[in-house]
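A short worksheet on the structure shown next.
2 protein chains.
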Amino acid sequence: MAANNTITAVPGITAGHWTDANAATGCTVILCGDTATGGVAIRGGSPGTHETDLLNPIRRVDRVHAVLLAGGSAFGLATTAGVLCWLEERGVGFETPHGPVPIVPAAILYDLGVGRADLRPDANAGYAACDAASDAPLPSGSVGAGTGASVAKAFGSGGAVKGGIGSACCTLPNGISVAATVAVNAWGGIYDPHDGSLVAGPRRHDGSMADPIAAILNGEYPPDAAAMTNTTIGVVATDAALDKMQANFVASTAHDGLALAIRPCHTPGDGDTLFCVATGHNPTPSNLTAITAAATHVAGLAVLDAIQSATGLAGIPSVNELNHGIAG
Amino acid sequence: MAANNTITAVPGITAGHWTDANAATGCTVILCGDTATGGVAIRGGSPGTHETDLLNPIRRVDRVHAVLLAGGSAFGLATTAGVLCWLEERGVGFETPHGPVPIVPAAILYDLGVGRADLRPDANAGYAACDAASDAPLPSGSVGAGTGASVAKAFGSGGAVKGGIGSACCTLPNGISVAATVAVNAWGGIYDPHDGSLVAGPRRHDGSMADPIAAILNGEYPPDAAAMTNTTIGVVATDAALDKMQANFVASTAHDGLALAIRPCHTPGDGDTLFCVATGHNPTPSNLTAITAAATHVAGLAVLDAIQSATGLAGIPSVNELNHGIAG
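Chains as they are written, first to last, in our numbering: chain A, 36 to 363; chain B, 36 to 363.
This is the structure we're talking about:
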């Protein structure tokens, strides 16, 4: 059996997808038990989020029970109701005098322009994603929240390349695990985070790929094509014991992984949002510098995995298909 | 005469340094007239800043007259008094019933461990930087706020490489200029922002350079060496007409340029802070996506210029010296 290189390799984390390949949308839940702290960092101009304010260290709630990533734009936030129902049935939540209240921060991406616009992930989809959750390696590609994702949209949707959801995991020398799952639906192109080589750029009419940064700087990119809605969303998970401030800090720095792999990133038409959950299953004292560096590392690799694992859907070809002459 | 590829190529911007090479500290002022809007984005764990709250779009003040970058840690914020004095003498400031009040946001970096710790830039230094300001190309290297800067400190100060201050400028196809000046004093190493090749990594005892990300992930980096204080600070300037929200957005996205060129970036021991000033001298309608992409581009190149232009100081060798066998 291959090693688990996904977010479910982190002790205390299970995860599952719900996928509607016909409508080209879906959702992904990351369940983190009842000991996890959480943080969030939102960049880019067009986020869609749920229960993010309580992650601010000045708020009292100090645990998160799940994080939900969904397609469907703002409509997709309805998935959270299903996750709350699933957790309530299992007695998981913030203890109150009248029963547990599950804390489920969430973020959405815009995939209404891919597949069907009228079908979006709903509460049943969120519930089904929880039912599907396990500690098995989380599938990558055109599944879950990445089902309807696309990237490299500088020349409009006709030149896009298929996005998806991907994961990466690493273990620090002190035994702490740091992993990321990212649903990549970026306006920008995708680059190898290590050597900066272009992996997925906007496709010209002749089928060639442009470097979107060069296209912006040399005028090939038409200046009014940025209106299409995008957004990359993800979760960094670790078994380290982090307080809320540290979890927010890790979420913020992890955006550097997006910056390495998505160029341009954090544009006005992206609502890029990353969560961090820390299960605390590993009591080793944390080195926050190492954890933030690892979070950046796995976030960049998760973006790359998402694009390389994606399969074509709803007329949008994947890089694998383009590289093998199957589509494009 | 060579083209001006620095921040002073932006219409409406002048800039100047004050340098104390003996104490290995200094400051840099960017003067932006009386029409500029401003924004700021602060990341990393250890910032030192001045007059940043008024850059929030919910605050009333809608103009900035200068931005100051200084060494000297928190002590270096005293430089701002000299800039206010210089501007007041010239009648520049936010109009009030009792005279103009200059608005001068500022940020500092920690250079007390390089050269002398007891000499820091003061009000006279800030005034002198204003006197030195012009629209000539702004010098790069171990000058101004970059005088005492160092990078690549994963193995402690003994393995550091000289930092500095650098600039880059580009002109978008619609004629709008976007430039950056960055004083680079990072804990992380420096990489070419395009191809990810290592430019300045922490030096081992045998003189070889490590890749700091690899050193963290494989355990070569000792986990308790991140306490040394750092911080990279800079300014993105454009002649576009941006409102305060847009200027803040550009400042935020420009951090992606740091993420490309500094790895790891935005660590707990860095107080990385970027300002954006928009003079509005160019009435062409702004394309915010293009401006943010250009801001990221020039911020990354400015980091590279800073390290490649630096000269050794106070026992810290520059990459040029190391590459030519002069030091190390």
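Even for Gly, the Cβ is constructed at its ideal location relative to N, Cα and C.
Because the structure is a prediction, the values reported are computed rather than measured.
Minimum Cβ-Cβ distance from residue i to chain B less than 9 Å
i	result
isoleucine 268 of chain A	no
phenylalanine 284 of chain A	yes
tryptophan 222 of chain A	yes
glycine 231 of chain A	yes
alanine 174 of chain A	Sequence check: residue 174 of chain A is proline here, not alanine. For proline 174 of chain A, the answer is no, since every Cβ of chain B falls outside 9 Å of its Cβ.
proline 228 of chain A	yes
proline 208 of chain A	yes
Residue i versus residue j - alpha carbon distance
i	j	result
proline 172 of chain B	proline 137 of chain A	58 Å
threonine 314 of chain A	alanine 341 of chain A	24 Å
isoleucine 211 of chain B	proline 303 of chain A	18 Å
glycine 176 of chain A	leucine 144 of chain A	15 Å
glycine 107 of chain B	alanine 272 of chain A	37 Å
aspartate 227 of chain B	proline 320 of chain B	32 Å
leucine 103 of chain A	proline 140 of chain A	6 Å
aspartate 274 of chain A	alanine 330 of chain A	12 Å
glycine 111 of chain B	glutamate 356 of chain B	29 Å
arginine 98 of chain B	lysine 279 of chain B	9 Å
arginine 298 of chain B	serine 185 of chain A	28 Å
lysine 76 of chain A	proline 82 of chain A	This sequence places alanine at residue 76 of chain A; lysine is not what is there. Roughly 11 Å separates the two Cα atoms.
glutamate 255 of chain A	proline 208 of chain B	9 Å
alanine 71 of chain B	aspartate 305 of chain B	28 Å
aspartate 153 of chain B	leucine 147 of chain B	8 Å
leucine 323 of chain A	valine 285 of chain A	8 Å
histidine 301 of chain A	isoleucine 251 of chain A	15 Å
histidine 359 of chain A	alanine 56 of chain A	22 Å
glycine 363 of chain A	threonine 43 of chain A	Reliability fails at glycine 363 of chain A, whose pLDDT of 44 lies under 50, so the model's placement of it is uncertain and the value that follows must be treated cautiously. Computed Cα separation, rounded: 34 Å.
phenylalanine 190 of chain B	alanine 249 of chain B	13 Å
proline 46 of chain A	threonine 84 of chain A	26 Å
tyrosine 162 of chain B	serine 353 of chain B	29 Å
aspartate 241 of chain A	alanine 235 of chain A	15 Å
leucine 89 of chain B	threonine 288 of chain A	25 Å
asparagine 220 of chain B	histidine 229 of chain A	22 Å
Listed by chain order, chain B residues near residue i by CB distance under 7 Å
i	result
cysteine 300 of chain A	Asp291
aspartate 278 of chain A	Near aspartate 278 of chain A there are no residues of chain B at all, since even the closest Cβ is about 13 Å away, more than 7 Å.
leucine 323 of chain A	Pro303
Beta strand (DSSP E) segment containing residue i, residue limits
i	result
glycine 161 of chain A	Glycine 161 of chain A -> not in any beta strand (DSSP E); alpha helix (DSSP H) instead, spanning 158–167.
threonine 273 of chain B	268–273
glycine 199 of chain A	199–206
glycine 224 of chain B	224–226
valine 219 of chain B	212–219
valine 21 of chain A	The question about residue 21 of chain A has no answer here: the residues shown for chain A are numbered 36 through 363.
leucine 66 of chain B	60–66
valine 312 of chain B	308–313
isoleucine 361 of chain B	From DSSP, isoleucine 361 of chain B is part of no beta strand (DSSP E); its letter is neither H nor E.
isoleucine 77 of chain B	72–77
leucine 173 of chain B	Premise fails: leucine 173 of chain B is in no beta strand (DSSP E) and is neither H nor E.
Residue range of the unbroken alpha helix (DSSP H) whose run includes residue i
i	result
glycine 332 of chain B	First, the residue type needs correcting, since residue 332 of chain B is histidine and not glycine in the sequence shown. Run containing histidine 332 of chain B: 323–344, per the alpha helix (DSSP H) assignment.
aspartate 55 of chain A	Looking at the DSSP string, aspartate 55 of chain A is not in any alpha helix (DSSP H); the run it does join, the beta strand (DSSP E), is 49–55.
threonine 288 of chain B	279–296
isoleucine 251 of chain A	247–253
8 Å Cβ cut-off: residues of chain B touching residue i
i	result
leucine 339 of chain A	Chain B residues near leucine 339 of chain A: none, gap ~13 Å exceeds 8 Å.
cysteine 205 of chain A	Leu252
Neighbour list for residue i in chain A, Cβ cutoff strictly below 7 Å
i	result
isoleucine 248 of chain B	Ala328, His332
alanine 294 of chain B	Asp291, Ala294, Leu295
glycine 80 of chain B	Phe284
Chain A contact for residue i (CB, 9 Å cutoff)
i	result
threonine 182 of chain B	no
alanine 256 of chain B	Correcting the residue type first, residue 256 of chain B is tyrosine in the shown sequence and not alanine. Taking Cβ atoms only, chain A reaches closer than 9 Å to tyrosine 256 of chain B, which makes this a yes.
proline 318 of chain B	no
serine 287 of chain B	yes
arginine 239 of chain B	no
proline 156 of chain B	no
The ligand HEM heavy atom lying under 8 Å from the CB of residue i
i	result
alanine 50 of chain B	As presented, the structure is devoid of all ligands, the ligand HEM included, so that no description of it is given.
Could you tell me which whole beta strand (DSSP E) segments of length 3 or greater appear in the region 106–150 of chain B? 141–143
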